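Per the working numbering, the very first residue in the sequence shown carries number 1052; after that it's consecutive. Quick reminder that beta carbons are idealized off the backbone N, C-alpha and C, glycines included. In this text the structure is predicted, and so the values were computed from the model without any measurement.
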Amino acid sequence: MQWAVALADDAQLDVALERASDEIWTQLDQHTPDLLLVFVSSHYPQPAVLLSTWLQQQFTDTLVLGCTAAGVLGSGRELEHQPAVVLLAACLPGVNLTPFQLDEADLPDPEAAAADWERLIGCPAQRQPQFILLADAGSFDPEPLLTGLDLSYPDSKKLGALVGGKTTTLYLDHGIYHSGLIGVALEGNLHLETIVAQGCRPIGQPLFVTAIEHNRILSLDGQPPPEALRAVYQTLPPADQALFRNHLLIGLALDQAMQYQQGDFLVRHLRGMESDTGALVINALPPRNSVVQFQVRDVRAAVEELEQLMAAASTESPPAGAVVFSCLGRGHDLYGEPNHDSRVFTRHFGAVPLGGAFAYGEIGPLHGLTFVHSFTSAFGLFRPKK
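#1: Within its chain, find whatever has a CB closer than 8 Å to the CB of PRO1337; leave out the 5 residues flanking it on each side and keep chain order.
#2: Per DSSP, which one or two residues make a beta bridge with LYS1209?
#3: Go ahead and pull the three-state DSSP assignment for ILE1254.
#4: What separation, rounded to the nearest whole angstrom, lies between the Cα atoms of PHE1090 and ALA1140?
#5: Expressed to the nearest angstrom, what Euclidean distance is found between the alpha-carbon atoms of LEU1185 and LEU1221?
#6: Run through the segment 1296–1350 for me and flag every whole beta strand (DSSP E) of 3 or more residues, listed as ranges in chain order.
#7: Please state if the CB of GLU1155 and the CB of PHE1191 are separated by a distance shorter than 8 Å.
#8: Select from SER1126, ALA1352, PHE1182, PRO1134 the residue whose C-alpha is nearest the C-alpha of GLY1314.
#9: In the DSSP assignment, find the unbroken beta strand (DSSP E) run with SER1270 in it and report its ends.
#10: Since ILE1414 and LEU1210 are thought to touch, with beta carbons under 8 Å apart, how far apart are those beta carbons, to the nearest angstrom?
#11: In chain order, what residues of the same chain lie with their CB nearer than 6 Å to the CB of ALA1059, ignoring the 5 residues before and after it?
#12: Going by DSSP in three states, PRO1195 sits in which element: helix, strand or coil?
#13: Below 8 Å between beta carbons: does that hold for SER1207 and PRO1180?
#14: To test your reading of the DSSP string, which unbroken alpha helix (DSSP H) runs of 4 or more residues are found completely within the segment 1072–1129?
#15: Restricting to Cα atoms, I'd like to know which of SER1341, ILE1172, ASN1297 is closest to PHE1151.
#16: Using only alpha-carbon positions, find the residue among ASP1327, ASP1187, ILE1183, ALA1176 that is nearest to PRO1205.
#17: Between the segment 1320–1339 and the segment 1269–1283, can you find at least three pairs of beta-carbon atoms closer than 8 Å?
#18: Give a yes or no on contact between the segment 1282–1297 and the segment 1249–1260, applying the rule of three or more CB pairs nearer than 8 Å.
#19: Are VAL1235 and CYS1118 touching if we call contact CB-CB under 8 Å?
#20: Alpha carbons only, please: which of PRO1193, GLN1053, ARG1348 is nearest the one belonging to THR1083?
#21: Compute the Euclidean distance between the alpha carbons of THR1427 and ASN1240, then round it to the nearest angstrom.
#22: Can you tell me whether LEU1420 is buried or exposed? The criterion is at least 16 other CB atoms within 10 Å of its CB, across all chains shown.
#23: Going by DSSP, what residues sit across from THR1421 in a beta bridge?
#24: Looking only at C-alpha atoms, which of LEU1379, SER1393, SER1230, PRO1404 sits nearest to GLY1122?
#25: Assign PHE1259 to one of three DSSP states: helix, strand, or coil.
#26: Should GLU1194 go down as buried or exposed, given a rule of 16 or more other Cβ atoms within 10 Å for buried?
#27: By the DSSP assignment, the beta strand (DSSP E) with HIS1049 in it spans what residues?
#28: Please classify ASP1187 as buried or exposed, where buried requires at least 16 neighbouring CB atoms within 10 angstroms.
#29: Can you tell me the Cα-Cα spacing of TYR1095 and PHE1409, whole angstroms?
#30: May I ask which residues mark the beginning and end of the beta strand (DSSP E) holding GLY1401?
#31: Within 10 angstroms of the Cβ of GLN1249, are there 16 or more other Cβ atoms? Answer buried if so, exposed if not.
#32: Going by Cα to Cα distance, which pick from THR1366, ILE1227, GLU1169 is closest to GLY1199?
#33: Between VAL1347 and the rest of its own chain, which residues show a CB-CB distance below 8 Å, the 5 nearest in sequence each way excluded?
#34: Return the residue from the list PHE1376, GLY1401, HIS1383, PRO1370 that minimises the CA-CA distance to LYS1437.
#35: Quick test of your reading: SER1103 and PRO1134, contact by CB under 8 Å. State the CB separation rounded to the nearest angstrom.
#36: CB-CB under 6 Å to ASP1055, same chain, minus the five flanking residues each way: which ones, in chain order?
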């Protein structure tokens, strides 16, 4: 298994593509890659036709999966607001690749028989494929798909992003799409490890949802939400009180536990509090008697969590290659400096080819289930099976 990555930020797309492709062929010793992931900044005007023609000429026998994006990451650099292209290529002996393109109307019921989902994807669940998914943020809600894939492919990892730009373009197997979702199932001699860094930390204590109506929390530990929030706020130091006022979120516990730590929660946005009822409206549907804990997002939380997750993953052998999907809310806007998450990755794993895109939502697993996240960096580490 061999991976290669190249980033080019030339103002002209054709020049950037030529320079990046030359690097890829050199790194791969002129071997034709089996898979090419392509991430093109939406700052290039009308890249679709040029890129499609170029891919057919340069990588005729390669499966291509790619998209336009608001920013790209590769070769240790993160470029968010300028033209750039990233190519991430892989020679994958012993790995079968199954591409698929879907629209929302194509999906069966999430709880449909596994055979229905296998026909849709084109790959049997018993082969335990790993998935890379790219969805147009404006036309495809991936939640029903992820639920169906988790039920029908429970032993498979799913990683990806909601992408787009001024005009979304998705590239799959030399075809062009402007809506829906594209993906590839990889099965055989390949192991995918995922790292999902949500960039939040819990505050206060875990609370039981003691009354709920749809996505409206009516009581927490038997208290109206305003009282529960006031009690949490009063226990916080001044710095966290400031974050509470401006960057408060809620975490849904993914498992029952005696103690909860950072990473044990699925973080979701608060939509607001109803002035007449005091109900807390959230962007989730937690069941009654589930556990929640309020969360804050700041630089310190993002740095500490990413360092911990990378350190835990780096005890394994270094991956052959890696892909990353990072929220537009991270990067320079969060850290105040460029290339932060890429730099942390390199410090833990060395010069592993890493490429990806900035996204409007990141797809990745937590505690065995797959979710769409926000403000997250989701990494996929690829190794041959042991």
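To lay it out plainly:
#1: VAL1260, ILE1263, ILE1268, LEU1303, VAL1343
#2: PHE1182
#3: coil
#4: One C-alpha to the other measures close to 11 Å.
#5: Counting only the Cα atoms, LEU1221 lies some 8 Å from LEU1185.
#6: 1299–1304, 1316–1324, 1331–1333, 1342–1348
#7: Contact: yes.
#8: Comparing alpha carbon positions, the residue from SER1126, ALA1352, PHE1182, PRO1134 closest to GLY1314 is ALA1352.
#9: 1267–1271
#10: 6 Å
#11: ALA1067, ARG1070, ALA1071, VAL1136
#12: If DSSP states are grouped into helix, strand and coil, PRO1195 belongs with the helices.
#13: yes
#14: 1099–1109
#15: ILE1172
#16: Among ASP1327, ASP1187, ILE1183, ALA1176, the Cα nearest to that of PRO1205 belongs to ALA1176.
#17: yes
#18: yes
#19: no
#20: GLN1053
#21: 28 Å
#22: Exposed, by the Cβ-count rule.
#23: Its beta-bridge partners are PRO1416.
#24: Ranking LEU1379, SER1393, SER1230, PRO1404 by Cα distance to GLY1122 puts LEU1379 first.
#25: strand
#26: exposed
#27: Beyond the ends of the chain as shown, which are 1052 and 1437, falls residue 1049; an answer cannot be given.
#28: Counting Cβ neighbours within 10 Å, ASP1187 comes out buried, since at least 16 surround it.
#29: 15 Å
#30: GLY1401 -> no beta strand (DSSP E), and no H or E assigned at all.
#31: buried
#32: GLU1169
#33: Leaving aside the five residues that flank VAL1347 on each side, the residues in its chain whose CB is nearer than 8 Å to its CB run, in chain order, CYS1251, ARG1252, ILE1254, ASP1291, LEU1294, PHE1295, HIS1298, LEU1299, LEU1300.
#34: PRO1370
#35: In fact, because the Cβ distance is near 18 Å, the residues do not count as touching under 8 Å.
#36: According to the sequence provided, residue 1055 is Ala. The question's Asp does not apply to it. Once the five neighbours on either side are set aside, the close Cβ partners of ALA1055 are ILE1075, GLN1078, LEU1079, ALA1140, PRO1404.
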